[in-house]
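Numbering (our numbering), first residue to last: 67 to 467. Just so it is clear, CB atoms sit at the ideal spot from N, CA and C, and this is done for glycine as well. Only a predicted model underlies this, so the values are computations on that prediction, with no experimental measurement involved. Report on the structure given below.
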Ligand code: GLA
């Protein structure tokens with residue numbers, strides 16, 4: 067769908083033109099999985115697909131929500147912004163508006179708005195369609211509710227990076243409070259701070275980050291969709307968060323730490339005996355290993371050692387399968403088939419897991435065979451047809467009109 071078609075759809079829904087239009091991307095994480103809420107590093111990139119939002123003020127003091135992807139529409143008075151029942155999709159937007167006003171006392175929603183969303187991130191694919199929706203809403207409504215009268219960015223920010231980080235934090239808080247998923251900040255951060263042809267090496271404790279060029283001569287980043295929806299809010303994700311807290315508590319009896327990511331593999335040898343809960347021990351072992359792998363992978367990429375980068379991706383999947391137990395039959399079938407294809411440098415699940423997508427580095431000349439072989443093996447094992455996309459690494463959130 068083109069942006070012009072979205073503008074026409076807005077006019078059809080509301081009988082007048084949109085005043086502004088915004089876009090925010092989904093993401094794929096190259097390595098650093100389930101490390102963000104453990105104070106570790108991640109290495110995601112923004113994609114060229116994401117969520118669009120068109121808005122216009124109305125005189126009726128209500129927020130009207132339309133989506134070109136969802137049949138439900140909602141009308142919520144601006145005086146009654148709170149979570150809606152039945153996992154209403156407008157919660158991802160309402161939460162951001164609510165959180166903007168709580169984090170920024172000067173931010174006021176002084177009028178009603180008509181909103182139209184459109185997204186082209188495959189739904190339930192673990193490519194952060196919800197983060198894209200949150201960040202696009204945070205971008206639009208920080209501007210509407212708290213335009214800085216001193217120039218600069220909304221909410222008084224003078225620095226673009228700091229403003230974009232704030233958009234990510236608004237989105238993350240919305241996910242916690244309005245969707246009940248106690249996620250880390252990676253998805254919203256990638257959506258807010260993405261940069262074309264770069265990945266983001268983010269320290270999720272300090273929120274310091276670096277854009278690292280993804281220069282892969284003759285190699286593509288290929289995303290494979292299991293078409294087995296991930297169920298992040300099913301509780302399994304929040305269970306992992308709790309299990310990691312248990313590990314921190316038990317380790318802290320011998321070595322006080324705030325986050326598992328503070329431990330090096332050498333520290334691990336010394337402290338693992340303090341974890342009495344066997345599940346918490348496996349989870350923690352993954353996190354400590356993954357943090358080290360992520361640092362090594364970023365160094366390898368900077369040196370142009372894509373072979374090593376690929377090996378670390380594959381090791382990441384194995385750890386997520388054996389120790390973190392977030393892969394499952396579908397993701398394992400895709401990754402294990404990919405490892406058998408000549409010209410694949412590495413392949414792993416990406417995102418929260420439990421379904422969703424894998425990410426693979428594939429040599430240009432091997433892409434056709436990759437799709438054929440992996441697609442056939444996957445269908446044989448699961449009865450489901452996979453989909454493949456060559457990722458285009460895009461920019462972060464932006465106002466388009
Ligand atoms: C989901 C969460 C992220 C992160 C990943 C796993 O995508 O939203 O914060 O924890 O899972 O790395």
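ask   = Which whole-angstrom value describes the C-beta separation of residue 442 and residue 424, a residue pair presumed to lie in contact below a C-beta threshold of 8 Å?
value = Contact flag wrong, Cβ pair sits at about 16 Å.
task = Please name the residue, chosen from 229, 391 and 117, that lies closest to residue 100 on a Cα-to-Cα basis.
result = The shortest C-alpha to C-alpha distance from residue 100 to any of 229, 391 and 117 is the one to 391.
request  = When you get a sec, list the residues whose CB is within less than 5 Å of any heavy atom of the ligand GLA, chain order please.
outcome  = Those satisfying the condition are, in chain order, 99, 100, 102, 249, 250, 252, 253, 417 and 418.
ask   = With respect to the alpha helix (DSSP H) encompassing residue 383, which residues constitute its N-terminal and C-terminal limits?
value = 372-388
message = Measuring only from the beta carbon, is residue 107 closer than 8 Å to any heavy atom that is part of the ligand ADP?
response = With respect to the ligand ADP, the structure offers nothing, as its ligand set consists of the ligand GLA.
message = So within the region 153-217, which uninterrupted alpha helix (DSSP H) runs reach at least 4 residues, ignoring any that extend past its ends?
response = 157-169 and 195-211
inquiry  = As a quick exercise: from 458, 361, 280 and 382, pick the residue whose alpha carbon is nearest that of residue 417.
reply    = 382
query = Which first and last residues belong to the alpha helix (DSSP H) in which residue 237 is found?
reply = 226-240
ask   = Roughly how many angstroms lie between the CA atoms of residue 207 and residue 160, to the nearest whole one?
value = Roughly 10 Å separates the two Cα atoms.
Those residues which DSSP pairs with residue 244 across a bridge = Residue 244 is not bridged to any residue.
task = Would you check if there are 3 or more beta carbon pairs closer than 8 Å linking the region 90-99 to the region 113-130?
result = yes
query = Which whole-angstrom value is the C-beta distance of residue 144 and residue 211, which I expect to be below 8 Å?
reply = Actually they are not in contact, since the Cβ atoms of residue 144 and residue 211 sit about 11 Å apart, beyond 8 Å.
task = Tell me, please, whether the region 220-239 touches the region 248-267 by the rule of three or more beta-carbon pairs shorter than 8 Å.
result = yes
message = Spatial neighbours of residue 302 within its chain, please: C-beta separation below 8 Å, excluding the five flanking residues on both sides.
response = 392 and 420
request  = Please report how far the alpha carbon of residue 140 lies from the alpha carbon of residue 128, in whole angstroms.
outcome  = 10 Å
inquiry  = Extract the residue ranges of the beta strand (DSSP E) inside the region 84-131, only unbroken runs of 3 or more that lie entirely within it.
reply    = 86-95 and 110-124
inquiry  = Give me the DSSP bridge partner(s) of residue 412.
reply    = 427
Reduced DSSP secondary structure (H/G/I, E/B, other) of residue 279 = The answer is strand: DSSP assigns residue 279 an E or B state.
request  = Indicate whether residue 396 and residue 450 have their beta-carbon atoms separated by less than 9 Å.
outcome  = Contact flag set, yes.
request  = Please look up how many angstroms separate the CB atoms of residue 330 and residue 358, rounded, as I've assumed it's under 8 Å.
outcome  = 7 Å
request  = Per DSSP, which residues does residue 140 bridge with? Please list them.
outcome  = 131
When 254, 150 and 281 are compared against residue 371, the one with the closest alpha-carbon = 281
query = From 293, 122 and 462, pick the residue whose C-alpha is nearest to that of residue 400; which is it?
reply = 293
task = Could you name the residues of the same chain whose beta carbon sits closer than 6 Å to that of residue 173, not counting the 5 residues immediately before and after it, in chain order?
result = 166, 167, 211 and 212
query = For the 8 Å Cβ check, are there 3 or more pairs between the region 340-354 and the region 306-325?
reply = Under the 8 Å Cβ criterion, the region 340-354 counts as touching the region 306-325, having at least three qualifying pairs.
request  = Over the uninterrupted alpha helix (DSSP H) stretch that includes residue 257, give me the two end residues.
outcome  = 252-259
ask   = Where residue 196 and residue 305 are concerned, what is the direct C-alpha to C-alpha distance, given to the nearest angstrom?
value = 20 Å
query = Over what stretch of residues does the beta strand (DSSP E) that includes residue 290 continue unbroken?
reply = 285-291
key: Integer-rounded CB distance, given that residue 317 should sit under 8 Å from residue 337   = 5 Å
message = Count Cβ pairs between the region 268-287 and the region 239-256 that sit closer than 8 Å; are there 3 or more?
response = Look at the beta carbons and you see the region 268-287 touching the region 239-256: at least three pairs across the two are nearer than 8 Å.
message = Just to confirm my understanding: we take residue 155, look at its own chain, exclude 5 residues before and 5 after, and list those with CB closer than 6 Å. What are they?
response = 136
Beta-carbon gap between residue 291 and residue 453 smaller than 9 Å = yes
message = Using 9 Å as the threshold, is the C-beta distance between residue 410 and residue 437 below it?
response = no
message = Restricting to Cα atoms, I'd like to know which of 178, 77 and 123 is closest to residue 146.
response = 178
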